[in-house]
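> Pasting a structure below so you can have a look.
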Amino acid sequence: MPLYLAKRLGYHAVLLLAAVCLSYLLASLALDPRAYYAGRQPPLSPSAVDHHLTALGVNDHQPLRARFLHWADRAVRHGDLGETIDGTSVNAEFGRRIGVSLRLLLAGTALGTVAGVLAGAWTAVRQYRFSDRAVTVVSFALLSTPVFLLAILLKTGAVWFDQTTGTDLIQFTGEKSAGLHGGFWTVLKDRSVHLLLPTVSVALFAVASYSRYQRSTMLDVLGSDYLRTARAKGLGRRAVLLRHGLRTALIPMSTYFSYGFLALFTGATFTETIFGWHGMGEWFVNSIGKNDVNSVVAVNIFAAVTVLLSGFVADLLHAALDPRIRRAA
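So for the sequence shown, the working numbering puts the first residue at 17; every next one is plus one.
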């Protein structure tokens, strides 16, 4: 088991290194930092633009290999990811925004994953009944609704609720109220009401997606011989379904969780923008608009690390659920 996990961790480390290198090369080739200075008033001279780009390490008049080696040397030796196109530290911006995105994604992802797995298993057991068909219709409706449209609908519903009840119970802009003062519980309540709608937006997509996959994998194992054998030996239906059926059906799902996280991160880009959360997704969109190479690479590193960490957690779940993995290791 430790050897298996060590191999998987080494595999993910190699993938992360390749992802970082490709991110820098593709961002340098696709983006044009020089265009950021076009249209400035007063206009900057070409030599002044070259001076700024050279200081940032993104001057396209220098060889790409030299720029990459300079960036990689700072990143490896000092943990410095460079400066943004505005001249501020990428590390400082990275540290400020990563907490925002994690607070937004972790709650919605955890809630959506658990609810999706339970809904998928429940509808599989009740196949073709009204409840199964109802969950299927709702799931497909959510999957066919773009993330930004879902967020806008939730926002509209929150406005209607607050106006109808004459309260401001649901907040939908920003992570916290500006100028709020108070104790721990006051701050916690304020952050909770701001987190509600973004979390629901992320969780709904996860529930719809995971429930469909979990239903399919659960249906595959419901007719298995080992489940009938367990029932024939006198084991209760609930114990058979939970101990043997759901556990086996979760094995292929553990791999899907890691790739599903990338889709959630992509969707969170719109969620952050619409609800005014200044996280990694919003930073990514703004950085592309500014042709900011160093910032785009930093966001890509965040995405690669989170996806590979999710993959490693999926490996842990896979090994815990499947005894064949533990024996082979």
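For each residue, glycine too, the CB sits at the ideal point set by N, CA and C. Since the model is a prediction, treat every value here as computed from it, not as a measurement.
Helix, strand or coil: which one does DSSP assign to E191?
Along the sequence shown, one-based indexing puts residue 191 at 175. In this structure, E191 counts as coil in the three-state DSSP scheme.
> Excluding five sequence neighbours on each side, which residues of the same chain lie with their C-beta closer than 6 Å to the C-beta of D148?
Within the sequence shown, residue 148 is the residue found at index 132, counting from 1. Excluding sequence neighbours, D148 sits near T139 and R142.
> In chain order, what residues of the same chain have a beta carbon less than 7 Å from the beta carbon of S225, not counting five sequence neighbours either side?
Against the sequence shown, residue 225 aligns to sequence position 209. Cβ neighbours of S225 beyond the five flanking positions: G132, L159 and G276.
> Please report the straight-line C-alpha distance between A233 and V329, rounded to a whole angstrom.
For the purposes of this step, residue 233 is taken as residue 217 along the sequence shown, with counting starting at 1. For the purposes of this step, residue 329 is taken as residue 313 along the sequence shown, with counting starting at 1. The sequence given here places Thr at residue 233; Ala does not occur at that position. One C-alpha to the other measures close to 20 Å.
> Given this structure, state the Cα-to-Cα distance separating I267 from H334, to the nearest angstrom.
Numbered from 1 along the sequence shown, position 251 holds the residue referred to as residue 267. Numbered from 1 along the sequence shown, position 318 holds the residue referred to as residue 334. Taking the straight line joining both Cα atoms gives about 6 Å.
> Rounded to the nearest angstrom, what separates I168 and E288 at their Cα positions?
Mapped onto the sequence shown, residue 168 falls at position 152. Mapped onto the sequence shown, residue 288 falls at position 272. Each residue's alpha carbon lies about 12 Å from the other.
> With DSSP as the reference, label S227 as helix, strand or coil.
Against the sequence shown, residue 227 aligns to sequence position 211. Helix.
> Let me confirm a value: A150 is counted as buried when at least 16 other C-beta atoms fall within 10 Å, else exposed. Which label applies?
Against the sequence shown, residue 150 aligns to sequence position 134. Exposed, because fewer than 16 other Cβ atoms sit within 10 Å of the Cβ of A150.
> So, helix, strand or coil for S117, using DSSP?
Here residue 117 refers to the residue found at position 101 when the sequence shown is read from its first residue. S117 falls in the helix class under three-state DSSP.
> With a threshold of 16 other CB atoms inside 10 Å of the CB of A82, please say whether the residue is buried or exposed.
The residue labelled residue 82 in the question sits at position 66 within the sequence shown. The residue is exposed, with fewer than 16 neighbouring Cβ atoms inside 10 Å.
> Please list, in chain order, all residues of the same chain as A123 whose beta carbon is under 6 Å from its beta carbon, the five residues on each side excluded.
Within the sequence shown, residue 123 is the residue found at index 107, counting from 1. Here the set comprises T215.
> Tell me, to the nearest whole angstrom, how far the beta carbon of L332 is from that of H28; I am working on the premise that it is less than 8 Å.
For this step, residue 332 is matched to residue 316 along the sequence shown. For this step, residue 28 is matched to residue 12 along the sequence shown. Not really, about 12 Å apart at Cβ, beyond 8 Å.
> State the Cα-Cα distance for the pair S63 and N75, rounded to the nearest angstrom.
Walking along the sequence shown from the start, residue 63 turns up at place 47. Walking along the sequence shown from the start, residue 75 turns up at place 59. Cα-Cα distance, rounded: 11 Å.
> Give me whichever residues DSSP pairs with S105 in a beta bridge.
Your numbering for residue 105 matches position 89 in the sequence shown. BP columns for S105 point to E99.
> Are at least three pairs of beta-carbons, each pair with one atom in the segment 95-110 and one in the segment 305-318, less than 8 Å apart?
The segment 95-110 vs the segment 305-318: in contact.
> Between L258 and D338, what straight-line distance do the alpha-carbon atoms span, to the nearest angstrom?
On the sequence shown, position 242 is the one that residue 258 refers to. On the sequence shown, position 322 is the one that residue 338 refers to. Looking at the two C-alpha atoms, the distance is approximately 15 Å.
> Buried or exposed: where does Q230 fall if 16 or more other Cβ atoms within 10 Å of its Cβ makes it buried?
Within the sequence shown, numbered from 1, the residue matching residue 230 stands at position 214. Burial call: buried.
> Pick from D236, T285 and R244: whose alpha carbon is nearest that of A137?
Stepping through the sequence shown from its first residue, residue 137 is reached at position 121. Answer by Cα proximity: D236.
> Considering just the uninterrupted stretch of the alpha helix (DSSP H) at K171, what are its terminal residues?
In the sequence shown, the residue the question calls residue 171 occupies position 155. Per DSSP, K171 belongs to the alpha helix (DSSP H) from V163 to T181.
> Determine the closest residue to L220 out of L166, A336 and L262, with distance taken between C-alpha atoms.
Walking along the sequence shown from the start, residue 220 turns up at place 204. Minimum Cα distance to L220 is reached at L166.
> Could you tell me the alpha carbon to alpha carbon distance between L42 and T183, rounded to whole angstroms?
Here the question's residue 42 lines up with position 26 in the sequence shown. Here the question's residue 183 lines up with position 167 in the sequence shown. If I take the Cα positions, the gap works out to 49 Å.
> Which of the three DSSP states, helix, strand or coil, is assigned to I186?
Looking up residue 186 in the sequence shown gives position 170. Residue state, collapsed to three classes: coil.
> Rounded to whole angstroms, what's the CA-CA distance from T245 to T271? Just pull it up for me.
As a first step, residue 245 is located in the sequence shown; it is residue number 229 there, counting from the start. As a first step, residue 271 is located in the sequence shown; it is residue number 255 there, counting from the start. T245 and T271: Cα-Cα distance of roughly 28 Å.
> Taking only three categories from DSSP, how would you classify S240?
Locating residue 240 in the sequence shown gives position 224, where the first residue counts as 1. Reduced to three states, the DSSP call for S240 is coil.
> In the structure shown, what three-state DSSP assignment does R142 receive?
Taking the sequence shown and counting its residues from 1, one reaches residue 142 at position 126. Coil, per DSSP.
> What does the alpha-carbon distance come out to for the pair H67 and T104?
Counted from its first residue, the sequence shown places residue 67 at position 51. Counted from its first residue, the sequence shown places residue 104 at position 88. For H67 and T104, the distance between alpha carbons rounds to 16 Å.
> Identify whether L266 lies in helix, strand or coil by the three-state DSSP scheme.
Here residue 266 refers to the residue found at position 250 of the sequence shown. Residue state, collapsed to three classes: helix.
> Is the CB-CB distance between E191 and W87 below 9 Å?
Your numbering for residue 191 matches position 175 in the sequence shown. Your numbering for residue 87 matches position 71 in the sequence shown. No, they are not a contact pair.
> Going by beta-carbon coordinates alone, are N307 and R24 separated by less than 9 Å?
Position 291 of the sequence shown, counted from the first residue, corresponds to residue 307. Position 8 of the sequence shown, counted from the first residue, corresponds to residue 24. No.
> What residues in its chain sit with their C-beta under 7 Å from that of M296, if we drop five residues either side in the sequence?
Position 280 of the sequence shown, counted from the first residue, corresponds to residue 296. Result list for M296: R113, I114, S117, V315 and F318, in chain order.
> Examine chain B for any beta-carbon lying closer than 9 Å to the beta-carbon of V321, and answer yes or no.
Looking at the structure shown, chain B is missing, and only one protein chain is on hand.
> Where does T202 land, buried or exposed, given buried means 16+ other C-beta within 10 angstroms?
Residue numbering aside, residue 202 sits at position 186 when the sequence shown is read from its first letter. Exposed: under 16 other Cβ atoms inside 10 Å.
> Go ahead and label S61 buried or exposed: buried means 16 or more other beta carbons lie within 10 angstroms of its beta carbon, across all protein chains shown.
As a working mapping, residue 61 is identified with position 45 in the sequence shown. Answer is exposed; the Cβ neighbour count stays below 16.
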